[in-house]
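S.K.: Please find one structure pasted underneath; my questions will follow.
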Amino acid sequence: NAWVMAKEDAAILLGEMRRRRDYREHSSPYLMVNNGQSTVVSVMRGRPFVKGVVPRPDVAAGYEPTVGQIDEGFALDFSPLLTADHRLIDAAIRCDINQIEKLLPVMVDVPTQASPRQRAKIEVPQVTQYRFHERFRWPVDKVLLIGMGVVPLPIPVDGAPLVPGVPLPIGNTPARADLVVFVECQGQVAASSNAPAKGRLREAKNYRGRY
Numbered sequence: 014n015a016w017v018m019a020k021e022d023a024a025i026l027l028g029e030m031r032r033r034r035d036y037r038e039h040s041s042p043y044l045m046v047n048n049g050q051s052t053v054v055s056v057m058r059g060r061p062f063v064k065g066v067v068p069r070p071d072v073a074a075g076y077e078p079t080v081g082q083i084d085e086g087f088a089l090d091f092s093p094l095l096t097a098d099h100r101l102i103d104a105a106i107r108c109d110i111n112q113i114e115k116l117l118p119v120m121v122d123v124p125t126q127a128s129p130r131q132r133a134k135i136e137v138p139q140v141t142q143y144r145f146h147e148r149f150r151w152p153v154d155k156v157l158l159i160g161m162g163v164v165p166l167p168i169p170v171d172g173a174p175l176v177p178g179v180p181l182p183i184g185n186t187p188a189r190a191d192l193v194v195f196v197e198c199q200g201q202v203a204a205s206s207n208a209p210a211k212g213r214l215r216e217a218k219n220y221r222g223r224y
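Mapped onto my numbering, the consecutive letters of the sequence shown carry residue numbers 14 to 224.
Printed below as a string of structure tokens:
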């Protein structure tokens with residue numbers, strides 16, 4: 014769902030949300046994006062797992078585990094563009110989230126001459142994915158509010174939250190969060206005085222991504 018709001022109403026809503034104990038902001042909530050450019054906010058890290066075994070007669074066990082890696086995290090791509098009359102914003106927003114819910118253990122047979130019934134454990138990742146890719150158009154004097162619903166919240170293997178400020182879930186339940194994105198046009202921003210005359214004014218957007 015998406016809504017277009019007056020800037021005053023968006024400020025009131027944001028203030029109400031900040032008073033909630035379960036509300037958390039992204040570590041960089043005020044990211045400026047120039048008109049006509051794309052910016053990607055990405056927090057990804059690899060999580061290792063045992064994906065298989067390889068026979069190795071030269072080692073005591075007769076086999077060697079093969080370690081793989083799967084990426085866990087989120088990436089948000091924002092591409093704004095003003096219309097020719099500078100009255101509307103046309104923006105494409107893409108959000109990709111990968112969350113490893115658990116590593117399922119699977120036993121495989123690894124027979125050797127010394128242990129014909131030997132078995133080894135490998136891991137199969139159980140992954141939850143979220144994909145969002147939409148284009149929006151709204152007036153420059155309004156704020157676009159996008160509600161992406163309840164989405165996976167990646168938690169790294171070391172137990173620390175992947176998104177700063179968001180607490181870990183209780184128990185073994187996969188973490189979820191309601192993802193809300195505010196997009197607001199900040200108008201023209203003066204460039205450096207050394208810039209050419211044609212480039213002294215440029216359009217800038219304010220992307221606000223919050224969990």
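Where a beta carbon is used, it is the ideal one built from N, C-alpha and C, also for glycine. If you're wondering where the values come from, they're calculated on a predicted model, not measured in any experiment.
Please give the ranges of any beta strand (DSSP E) in the region 35–81, keeping only runs that are unbroken, at least 3 residues long and fully inside the region.
M.R.: Here the runs fully enclosed are 44–47 and 52–68.
S.K.: List in chain order: all unbroken beta strand (DSSP E) runs of 3+ residues lying wholly within the region 90–168.
M.R.: Contiguous beta strand (DSSP E) elements confined to the region 90–168 occur at 101–122, 132–152 and 155–165, taking only those with 3 or more residues.
S.K.: Between the region 58–65 and the region 94–108, can you find at least three pairs of beta-carbon atoms closer than 8 Å?
M.R.: no
S.K.: Is I25 buried or exposed, if buried means 16 or more other CB atoms sit within 10 Å of its CB?
M.R.: exposed
S.K.: In three-state terms, what does DSSP make of A23?
M.R.: helix
S.K.: Going by DSSP, what residues sit across from A188 in a beta bridge?
M.R.: Beta bridge pairing from DSSP links A188 with no other residue.
S.K.: Please name the residue or residues paired with M18 in a DSSP beta bridge.
M.R.: Beta-bridge analysis with DSSP links M18 to V156.
S.K.: Give me the Cβ distance between A15 and V53, rounded to the nearest whole Å; I'm assuming they're in contact under 8 Å.
M.R.: The pair is not a contact, with the Cβ atoms about 21 Å apart (cut-off 8 Å).
S.K.: Determine which residues share a DSSP beta bridge with G86 and list them.
M.R.: M57 and N111
S.K.: Just to confirm my understanding: we take M30, look at its own chain, exclude 5 residues before and 5 after, and list those with CB closer than 6 Å. What are they?
M.R.: Y36
S.K.: If we call anything under 9 Å between Cβ atoms a contact, is F149 one with V196?
M.R.: yes
S.K.: For M161, count neighbouring C-beta atoms within 10 Å of its own C-beta (all shown protein chains included) and say buried if the count is 16 or more, exposed if not.
M.R.: Buried, by the Cβ-count rule.
S.K.: Exposed or buried, what is N47 when buried is set at 16 or more other beta-carbons lying within 10 Å of its beta-carbon?
M.R.: Counting Cβ neighbours within 10 Å, N47 comes out exposed, since fewer than 16 surround it.
S.K.: For Y76 versus T125, is the C-beta distance shorter than 9 Å?
M.R.: Against a cut-off of 9 Å, the Cβ pair of T125 and Y76 comes out as a contact.
S.K.: Would you check if the distance between the CB atom of G65 and the CB atom of V17 is smaller than 9 Å?
M.R.: No.
S.K.: What did DSSP end up calling P180 once you bin it into helix, strand or coil?
M.R.: For P180, the predicted structure reports a pLDDT of 49, less than 50, and the residue's modelled location is therefore unreliable. The matter cannot be settled from this model.
S.K.: Whose C-alpha, out of I135, V156, C108 and C198, is nearest the C-alpha of L116?
M.R.: I135
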